[in-house]
């Protein structure tokens, strides 16, 4: 799946807030080496380095476009092209940050213990995942995909994102792997200027991508128009045109 750094960073201030909240609760104090996996355009890497300025920080992502943006943003940081599920670097790391990325990576029951094994004793795995698959924004993606002329081609688009497990599932898997776990869920309410169109622009940088990549230019325009009609009904604009977008997110920090 192709990713656009420019589209993703259109709402960088809003996307950065959960990263700051996550990093603020990392308990590991003596951090010499830290990794940002699924680093995107480098905004999370920048915040990771600010949180642990004494550490050697690196980033990794599967998107060349995202990595190009990250390297431009932080030219003194090493960024590698790679797949999280196949990440062979043994570490050890004092902190591994995975912000808004593991929802695209399958088999968490295998992945999470493997990531924990890359930590130093006392090291932390810090994870944030969108928890919005049942929100109107994502329900409407699936409905738009199933009701249009593209239905046959988009049948598998919704499965591009790994189904969310419950918080107690993550707590159990991480605890059984030997970690101390801090887990919580937060709903952010993002005021977006520009009505329903702003909500569409937000998700064009993330959740809509598996649906749009299989369509030609004309179909994308039609799909987005239908989707935006549903968004306008689900998220009515305030009198000044602002839309308040609820965005639930699941966080956990697993300390070895």
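Residue numbers (this note's numbering): 88 to 343.
Think of the CB as a built atom: it goes at the ideal place given N, C-alpha and C, for glycine as much as any other residue.
Length of the line joining the Cα atoms of residue i and residue j
i	j	result
residue 336	residue 273	5 Å
residue 161	residue 133	7 Å
residue 295	residue 179	35 Å
residue 197	residue 109	23 Å
residue 219	residue 107	20 Å
residue 91	residue 148	For residue 91, the predicted structure reports a pLDDT of 47, less than 50, and the residue's modelled location is therefore unreliable. A value from the coordinates is still provided. Going by the C-alpha atoms only, they are around 13 Å apart.
residue 334	residue 244	21 Å
residue 283	residue 177	45 Å
residue 88	residue 156	Any reading at residue 88 must be qualified, since the residue scores a pLDDT of 45, below 50, and its modelled position is unreliable; no value is offered.
residue 231	residue 115	44 Å
residue 341	residue 203	8 Å
residue 291	residue 247	15 Å
residue 308	residue 261	43 Å
residue 100	residue 289	12 Å
residue 276	residue 237	32 Å
residue 310	residue 250	23 Å
residue 137	residue 252	31 Å
residue 315	residue 224	10 Å
residue 319	residue 181	45 Å
residue 235	residue 297	16 Å
Beta bridge counterpart(s) of residue i as assigned by DSSP
i	result
residue 331	278
residue 146	123 and 166
residue 216	337
residue 289	None; residue 289 has no bridge partner.
residue 186	215
residue 180	206
residue 46	The requested residue 46 is not part of the displayed model; the chain covers only 88 to 343.
residue 272	337
Contact check, residue i vs residue j, beta carbons under 8 Å
i	j	result
residue 227	residue 321	yes
residue 164	residue 145	yes
residue 187	residue 153	no
residue 212	residue 171	no
residue 173	residue 125	no
residue 210	residue 343	yes
residue 166	residue 270	no
residue 328	residue 280	yes
residue 139	residue 121	yes
Residue nearest to residue i in terms of C-alpha spacing, selected from the options
i	options	result
residue 240	115, 229, 293 and 224	229
residue 208	193, 190, 136 and 267	267
residue 195	332, 256 and 112	256
residue 264	201, 151, 319 and 104	201
residue 127	150, 120 and 113	150
residue 287	305, 192, 317 and 158	317
residue 330	285, 233 and 103	285
Report the residue ranges of all beta strand (DSSP E) runs contained in full by the stretch 188-270; include only those spanning at least 3 residues, in chain order.
-> Taken in chain order, the unbroken stretches of beta strand (DSSP E) that lie wholly in the stretch 188-270 and span 3 residues or more are 206-217.
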